[in-house]
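A.B. asks:
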Amino acid sequence: MTSTLPPGQRPAPLRRFGIPRFAARRPTRILPARIEVGGDVRRRVVVDVADIAATVGRREQVADLHCVTTWTAPGLRWSGFPFAAVLDVLVERSQPDPEVAWLTCVGRDGFRSCLALEDAVDDSVLLADRLDGEPLTLDHGAPLRLVAPRQYGYKSVKHLHRVDFRREYRPGSGGWTEHPRGRVEAEERSRGLPGPAYRLPWRAMVPIVLWELAEQDARWGR
Ligand SMILES: Nc1nc2c(c(=O)[nH]1)N[C@H]1C(S)=C(S)[C@@H](COP(=O)(O)O)O[C@H]1N2
Ligand SMILES: [Mo]
C-alpha cells in the first residue's frame, strides 16, 4: 500500500464504478474466461485462460486503483497472470503487424479502453482473476480484468474478453476524457488540459455516477 497518494487523489473504499451507460450491459453471470484477439493481426484467435495458466505463472500483487475522478482505493490484493507474459502468448498465436503500438481492450459490457503497448507490458500490469483471495465478483470484473495500476482506472477494463492490436491509438469509451497514456504519475487524466484542471469537474461527477449506478441496480433488481 502506498502511504502517499498521487497528486489530486484522495483515499476511498473500493466500490463498483464506471461509465453508467455500460452498467446496464454488464454481465449478470460469470461467462467463460477467454480472450478474443483481433485488430492488426495475421490470425484472429481465441485464447482460453486455461492455456495461459498452463504456461504463465500466477502472481499475487498489491496495488492501488486510481480513478480519474480523484478517488483511490488503496492496497488491493489482486491475483492473476503478469500481462506481459500473457501478451507473449497472444502475440505468438495471432502474429500482430510488427508496427502495432496500441492495444484496445474490450469488456463484455462493451466498455473499451486503448492502452499503449509500452504501458501494457509494464511489470505492474496483471490479468487478474482474483481479488483479496476470492474469485473476482461481477461488480469488479469477473471472470477476468486488467489491472494497470500506473494508469487511471479507465484503462483497467473489467470483464475483459477481447484484445485488438492496433498500429494507431483509437479513443476508448471515454472519448476525449480518456488520455492516450493515462499515466497517474504524470497526472494525465484526460486529453487537452493539464491534469489539475480536471480534478474539480471530475470529482463533482462521483456522486452523480454512484447515484446512476444505484438507480440501475434498483431498476434491474440487482
Ligand atoms: N468493463 C468495464 N471496465 C471498466 C469500467 C466499466 O464501466 N466497464 N470502468 C472503469 C473505471 S472508470 C474504473 S475507475 C474502474 C472501476 O473498477 P471497480 O468497479 O472495480 O471499482 O473500472 C474501469 N473498468
Ligand atoms: Mo474511473
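Residues in the sequence shown are numbered from 37 upward in steps of one, following this note's numbering.
Beta carbons: idealized from backbone N, C-alpha and C, even for Gly.
If you count every other CB in all the chains shown that lies within 10 Å of the CB of VAL98, and 16 or more means buried, which is it?
C.D. replies: Its Cβ having fewer than 16 others within 10 Å, VAL98 is exposed.
A.B. asks: Examine ligand 1 and report whether any of its heavy atoms sits within less than 7 Å of the Cβ of ILE88.
C.D. replies: Flag unset: Cβ of ILE88 not near ligand 1.
A.B. asks: Go to SER130, then tell me how far its alpha helix (DSSP H) extends in each direction, as first and last residue.
C.D. replies: Per DSSP, SER130 belongs to the alpha helix (DSSP H) from 119-130.
A.B. asks: If we count the other Cβ atoms within 10 Å of its Cβ and call it buried at 16 or more, is ALA250 buried or exposed?
C.D. replies: So ALA250 ends up on the exposed side.
A.B. asks: Near ALA60, which residues of its chain fall below 6 Å by C-beta distance, leaving aside the five closest residues on each side in sequence?
C.D. replies: Here the set comprises GLN252.
A.B. asks: Between which residues of its own chain and ALA120 is the CB-CB distance below 6 Å, once the five residues before and five after are set aside?
C.D. replies: Counting only Cβ-Cβ distances below 6 Å, and skipping sequence neighbours, we find VAL157.
A.B. asks: Does PHE53 come out as helix, strand or coil in the three-state DSSP assignment?
C.D. replies: The answer is coil: DSSP assigns PHE53 none of H, G, I, E or B.
A.B. asks: Near VAL136, which residues of its chain fall below 7 Å by C-beta distance, leaving aside the five closest residues on each side in sequence?
C.D. replies: Excluding positions up to five away in sequence, the list reads ASP76, LEU153, PHE201, ARG202, ARG203.
A.B. asks: Run through DSSP, which three-state label would ASP253 get?
C.D. replies: Here ASP253 sits in helix by DSSP.
A.B. asks: Determine which residues share a DSSP beta bridge with CYS141 and list them.
C.D. replies: Per DSSP, SER149, VAL199.
A.B. asks: Take the Cβ of GLU170 as the centre, count every other Cβ of all protein chains shown within 10 Å, and call the residue buried at 16 or more, exposed below.
C.D. replies: GLU170 comes out exposed.
A.B. asks: Our contact map puts GLY208 next to THR140 with C-beta atoms below 8 Å; I'd like the distance itself, whole angstroms only.
C.D. replies: Rounded, the Cβ-Cβ distance is 7 Å, consistent with contact.
A.B. asks: Would you kindly work out how many angstroms separate the C-alpha atoms of VAL104 and ARG51, rounded to a whole number?
C.D. replies: Rounded to whole angstroms, VAL104 to ARG51 spans 14 Å at the Cα level.
A.B. asks: Can you check which of these residues, SER160, ASP159, ARG198, is closest to SER149 by C-alpha distance?
C.D. replies: Looking at the Cα atoms, ARG198 is the closest of the given residues.
A.B. asks: At a threshold of 7 Å, does VAL242 count as lining ligand 1 (C-beta to nearest heavy atom)?
C.D. replies: Not so, every heavy atom of ligand 1 lies at least 7 Å from the Cβ.
A.B. asks: Would you report the Cα separation of PRO42 and TRP138, rounded to the nearest angstrom?
C.D. replies: For PRO42 and TRP138, the distance between alpha carbons rounds to 25 Å.
A.B. asks: Span of the beta strand (DSSP E) holding ALA99?
C.D. replies: Its beta strand (DSSP E) spans residues 95-102.
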